[in-house]
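A.B. asks: Numbering (the working numbering), first residue to last: 350 to 606. Have a look at the structure that comes next, please.
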Amino acid sequence: MRQKIVVANWKMYKTIAEAEDFMKRFPGEVSGVKDIEIVICPPFISLPGLSVLMKGTSLILGAQNMYWQKEGAFTGEISPLMLREIGVEYVIIGHSERRKYFNENDLCIKRKIAASFAYGLNPILCVGENFEQRSSNETEKIIREQIFSALEGFNLEEHQLPKMVVAYEPVWAIGTGTPAGGDDAEAIAIYIRSLLREKWGEVSDQIRILYGGSVKPENITEFTGKENIDGALVGNSSLKENIFADLINAVFRERRV
Ligand code: PEP
């Protein structure tokens, strides 16, 4: 059975002091939660401080991005090696905001996915259609292109595959307050699973697929209650510790009934 996973993407929110303040309170609010991976992806500068505060908790550290080289003359970039040193385990790759505002293309995303595997980081590959693509019924075509271009051209060993996470994030649902419907998200998760199976066969059934886009405590179980949705990537609702804790606790309660 695939373990549920909820990932907080703090984007460019929170100073170091604010991030640490959150982390002093949050573990206590989810202390009863078992068997759900909770990953916190703060801005880079908060990673070292949070890694200290998260010691002794079951929370996991993630990054929002990275470069694909180990080191070099790449001003302003952070390498997978640097992330590993701090204790980062997951890294978000190809978020739609990076594709849109920082011109990340398929080649760059593919290189980052390859580098994350090479350095023992678990990639969270984000895919999803924008509003125009959805309106012209191109959702499946876009997702197919995004998945295959990100994973083409390098060999993955069987044991590496289950470490990958795919997040279905329809661009029109991110930060808008208008989530996809649970059934629609499940239909796309099934489609993504069929693509992964087409490429890797049955072992790909171990890959976790998340939904992301305006998830809140009130709607999270519409997604995590589906057979093929193994968790969520959460932006806005992960910024306040009580709201994020409510969201996690809702997933936990649902798993127990
Ligand atoms: C995201 O940043 O990936 C996201 C899903 O944001 P929000 O939850 O705010 O829509």
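Where a beta carbon is used, it is the ideal one built from N, C-alpha and C, also for glycine. Computed from a predicted structure; not experimentally measured.
Would you check if the distance between the CB atom of R433 and the CB atom of Y468 is smaller than 8 angstroms?
C.D. replies: The answer is yes: Cβ separation under 8 angstroms.
A.B. asks: Would you call the segment 574-590 and the segment 531-543 in contact, with 3 or more CB pairs under 8 angstroms?
C.D. replies: They touch, by the three-pair rule.
A.B. asks: Using a Cβ-based criterion (distance less than 7 angstroms to any ligand heavy atom), does G561 qualify as near the ligand PEP?
C.D. replies: Under cutoff, so the answer is yes.
A.B. asks: Applying the criterion that 16 or more other CB atoms from any shown protein chain within 10 Å of the CB defines a buried residue, is G584 buried or exposed?
C.D. replies: G584 is buried by the Cβ-count criterion.
A.B. asks: What I want to know is whether the C-beta of L582 ends up closer than 7 angstroms to one or more non-hydrogen atoms of the ligand PEP.
C.D. replies: For the ligand PEP, at least one heavy atom lies less than 7 angstroms from the Cβ of L582.
A.B. asks: CB I441 to CB G411, shorter than 8 angstroms?
C.D. replies: Closer than 8 angstroms, so yes.
A.B. asks: Would you mind working out which of I458, A368, V520 sits nearest Q482, comparing C-alpha positions?
C.D. replies: Answer by Cα proximity: V520.
A.B. asks: Go to R374, then tell me how far its alpha helix (DSSP H) extends in each direction, as first and last residue.
C.D. replies: Where R374 is concerned, the enclosing alpha helix (DSSP H) stretches over 365-378.
A.B. asks: Helix, strand or coil: how does DSSP classify E507 here?
C.D. replies: Residue state, collapsed to three classes: coil.
A.B. asks: For R351, which three-state DSSP category applies?
C.D. replies: Note: R351 maps to coil in three-state DSSP.
A.B. asks: Which first and last residues belong to the beta strand (DSSP E) in which P472 is found?
C.D. replies: 471-476 is the extent of the beta strand (DSSP E) around P472.
A.B. asks: Quick one: is L544 buried, meaning 16 or more other Cβ sit within 10 Å of its Cβ, or exposed?
C.D. replies: Under this definition L544 is a buried residue.
A.B. asks: Over what stretch of residues does the alpha helix (DSSP H) that includes Y450 continue unbroken?
C.D. replies: Taken as a continuous stretch (DSSP letters only), the alpha helix (DSSP H) holding Y450 covers 445-450.
A.B. asks: Distance check for E426 and Y416, CA to CA, integer angstroms please.
C.D. replies: Approximately 6 angstroms, taken between the alpha carbons.
A.B. asks: Considering only heavy atoms of the ligand PEP, does any lie closer than 7 angstroms to the CB of V564?
C.D. replies: It does: the Cβ of V564 is within 7 angstroms (strictly closer) of some heavy atom of the ligand PEP.
A.B. asks: According to the Cβ coordinates, are I409 and E446 closer than 8 angstroms?
C.D. replies: Not closer than 8 angstroms, so no.
A.B. asks: Got a sec: does the ligand PEP put a non-hydrogen atom nearer than 7 angstroms to the Cβ of E576?
C.D. replies: Outside the cutoff, so no.
A.B. asks: Just to check my reading of the structure: A616 and I389 have Cβ atoms closer than 8 angstroms, yes? What is that Cβ distance to the nearest angstrom?
C.D. replies: One cannot answer for residue 616 here, as it falls past the ends of the chain, which runs 350 to 606.
A.B. asks: With the cut-off set at 8 angstroms, would you say W359 and S563 are in Cβ contact?
C.D. replies: Cβ atoms of W359 and S563: not closer than 8 angstroms.
A.B. asks: Taking its Cβ as the centre, do 16 or more other Cβ atoms sit within 10 Å of E386, making it buried, or is it exposed?
C.D. replies: So E386 counts as buried.
A.B. asks: Using the C-alpha atoms, what's the distance from I592 back to M372?
C.D. replies: Roughly 14 angstroms between the two C-alpha positions.
A.B. asks: Mapping the DSSP letters down to three states, classify G411 as helix, strand or coil.
C.D. replies: Three-state DSSP puts G411 in a strand.
A.B. asks: My output table needs one value for N577: the three-state DSSP class, helix, strand or coil.
C.D. replies: Reduced to three states, the DSSP call for N577 is coil.
A.B. asks: Can you give me the C-alpha to C-alpha distance between G421 and R557, rounded to a whole angstrom?
C.D. replies: The straight-line gap from Cα to Cα measures roughly 33 angstroms.
A.B. asks: Rounded to a whole number of angstroms, what is the C-alpha to C-alpha distance between K589 and G531?
C.D. replies: Their Cα atoms are separated by approximately 24 angstroms.
A.B. asks: Under 7 angstroms: does the beta carbon of N358 sit that close to some heavy atom of the ligand PEP?
C.D. replies: Yes - the ligand PEP has a heavy atom lying nearer than 7 angstroms to the Cβ of N358.
A.B. asks: In three-state DSSP terms, what is A529?
C.D. replies: Residue state, collapsed to three classes: coil.
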